[in-house]
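Inspection log for the structure reproduced underneath, given as structure tokens.
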Amino acid sequence: MAINSEWHATHKLPRNAKLEERLNWHIVHAANCGCREMPATIKRELEVRGLTVPSPRSLK
Ligand SMILES: [Zn+2]
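Under this note's numbering, the first residue of the sequence shown carries the number 1, and numbering increases by one thereafter.
Structure (structure tokens):
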């Protein structure tokens, strides 16, 4: 999937973002844009919390 530059322009992840912010960002990012894979550390943290990783298809 191509980069959703419009989404990125309105959803900036701060350089010093906390884990919590990064988790939320990656969840929303995965649902809105496919420019890059969710990092393994984020995926693992979601699993630990019992959260599922959304995909663009699952939202339609
Ligand atoms: Zn992206």
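From the three backbone atoms N, C-alpha and C, an ideal C-beta is built for every residue, glycine too.
Just so it is clear, the structure is predicted and the values come from calculations on it, not from any experiment.
Under three-state DSSP, which class holds R49?
-> For the purposes of this step, residue 49 is taken as residue 49 along the sequence shown, with counting starting at 1. Here R49 sits in coil by DSSP.
According to DSSP, is R44 helix, strand or coil?
-> Taking the sequence shown and counting its residues from 1, one reaches residue 44 at position 44. Looking at R44 - three-state DSSP - the assignment turns out to be helix.
How big is the Cα-Cα spacing for W25 and P39?
-> Within the sequence shown, numbered from 1, the residue matching residue 25 stands at position 25. Within the sequence shown, numbered from 1, the residue matching residue 39 stands at position 39. When rounded, the distance between both Cα atoms is 12 Å.
With hydrogens ignored, establish whether the beta-carbon of I3 is closer than 6 Å to any heavy atom of ligand 1.
-> Within the sequence shown, residue 3 is the residue found at index 3, counting from 1. Yes, the Cβ of I3 comes within 6 Å of a heavy atom of ligand 1.
Distance between beta carbons of L23 and L46, contact taken as under 8 Å = Counting from one through the sequence shown, the residue named residue 46 turns up at place 46. Counting from one through the sequence shown, the residue named residue 23 turns up at place 23. Contact holds; Cβ gap of about 7 Å.
Distance, G34 Cα to T41 Cα = Residue numbering aside, residue 41 sits at position 41 when the sequence shown is read from its first letter. Residue numbering aside, residue 34 sits at position 34 when the sequence shown is read from its first letter. Rounded to the nearest angstrom, the two C-alpha atoms are 18 Å apart.
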